[in-house]
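I have placed the structure first, in the form of structure tokens, so that the comments after it can refer back to it.
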Amino acid sequence: MRRQVRGKAIAIDDWKILLDVVTISKIDPWKVDLVKLLQRLEDAILRLEINVRLAGVAVQSAAQIHLAKSKRLFEPIRPETPQEKPSLIVPPPIEIPVKSSILATTLLDVVNALRSVILGLEEAKKETKFEQINIDIKLDDYLLKIEEEFDSFIAQLDSMLGEGVITFSRLVSGMSRAERAKVFILMLFAASRGFVELYQDEETLDIVIAKARQNAQA
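Residues 317 to 534 (our numbering) make up the sequence shown, in order.
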């Protein structure tokens, strides 16, 4: 590493750096080998005729470097400022219309089960074209239509549950994708209003629909 002194670049290991007080105050004292510089200064004094005033400046510079090193040894170590952890907002759990005593799964499990059933039906039928579902509808109108079909759906479901239980894949067998989605929503409505209970088969991951206990006893 070199420093510019009076238009010339002087290395930090050159004893002449001790003659430049301004440069000494700007350099890192730990990058200066003070013992080596003083040895080279002593050799230069024995070898050359050096002005006593310059020798005094060199001694002052050496003392300044030594003082800077001593001060840094006693500087307190600043502790690292701990970074504040961002406060994460955890949303409340989503309540689904299924009794916890019957089903200990999440809404994601139900959606995954529905997806598995739909994909299984698609592979069985070997369909090459997918029906386009029109999503450009008003939510209020769609829910109103669901309400209009709810009573007939409950009556149909009640007759099919004469055997006790029925799987969702069997319930929507032969239906289009749009019809299967509508039946799934109707099924959730029926569960939320206490007409049926839902649980998931651990082996097939299919959704199993059963009569609600109060309805089964009636």
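Heads up, the beta-carbon is just placed ideally off N, CA and C, and yes, glycines get one too.
Please read all numbers here as calculations on a predicted model, not as lab measurements.
As the crow flies, the alpha-carbon of V481 is around 17 angstroms from that of S508.
Per DSSP, T520 has no beta bridge partner at all.
Per the DSSP secondary-structure output, T483 pairs in a beta bridge with V524. Of the residues R363, I340, I333 and K527, the one whose Cα lies closest to the Cα of S475 is K527. In the structure shown, E396 adopts coil according to DSSP, grouped into three states. For D330, same chain residues with a beta-carbon under 6 angstroms away, outside a window of 5 residues either side, do not exist.
Cβ atoms of L487 and A429 stay farther apart than 8 angstroms, at about 13 angstroms. Between S432 and the set I523, Q380, L334 and L335, the nearest pair of CA atoms involves I523. One thing to note: I405 has its Cβ no nearer than 8 angstroms to the Cβ of I462. Within a 10 Å sphere around the beta-carbon of D359 sit fewer than 16 other beta-carbons, which makes this residue exposed. Ranking E519, A378 and I343 by CA distance to the CA of R356 puts A378 first. Inter-residue distance for E464 and I470 is about 11 angstroms (C-alpha atoms, whole angstroms).
In this structure, the CA atom of Q380 is about 8 angstroms from the CA atom of I340. Proximity to F466 across K498, L477, V351 and K342 peaks at K498, based on C-alpha coordinates. For V512, the three-state secondary structure derived from DSSP is strand. Short of 7 angstroms from the beta carbon of A384, and not among the five residues preceding or following it, lie these beta carbons of its own chain, in chain order: P345.
In this structure, L477 lies away from A506, with their beta-carbon atoms at least 8 angstroms apart. In the displayed model, D349 falls within coil according to three-state DSSP, outside both helix and strand. The Cβ atoms of L353 and L334 lie closer than 8 angstroms to each other.
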